[in-house]
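Undergrad: Residue numbers for the sequence shown follow this note's numbering, beginning at -11 and rising by one.
Pasting in a structure now, in structure tokens, and then I'll have a few things to ask.
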Amino acid sequence: MIGLIEGLVGLILGLIEGLFGLVTGLIGGVFGLVFGLLGSALAILVVVGIFLALPIVLLIAVL
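This is the structure in structure tokens:
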């Protein structure tokens, strides 16, 4: 009888733990996605900025 109760408690705790893991995993995934996109956007901006700045820098260097 005690084993059955222990098993049920373990099952309930396991389910709760699983739900918490799912929630934290989803939150982590969303944050990862957002920061990943921000990072990519920043990297693109930096590259575009370098390409836009190069001709100006070359012009100044030539003059």
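Glycine is no exception: its CB is placed at the ideal position from the N, C-alpha and C atoms.
Taking 7 Å as the line, does the beta carbon of Ile(-10) fall inside it for any heavy atom of the ligand HEM?
TA: With respect to the ligand HEM, the structure offers nothing, as it holds no ligand at all.
Undergrad: Rounded to whole angstroms, what is the Cα-Cα separation between Ala31 and Val45?
TA: Counting from 1 along the sequence shown, the entry for residue 31 is found at position 43. Counting from 1 along the sequence shown, the entry for residue 45 is found at position 57. Taking the straight line joining both Cα atoms gives about 20 Å.
Undergrad: What residue range does the alpha helix (DSSP H) around Leu51 cover?
TA: Position 63 of the sequence shown, counting from 1, holds the residue named residue 51. No alpha helix (DSSP H) holds Leu51; DSSP gives it neither H nor E.
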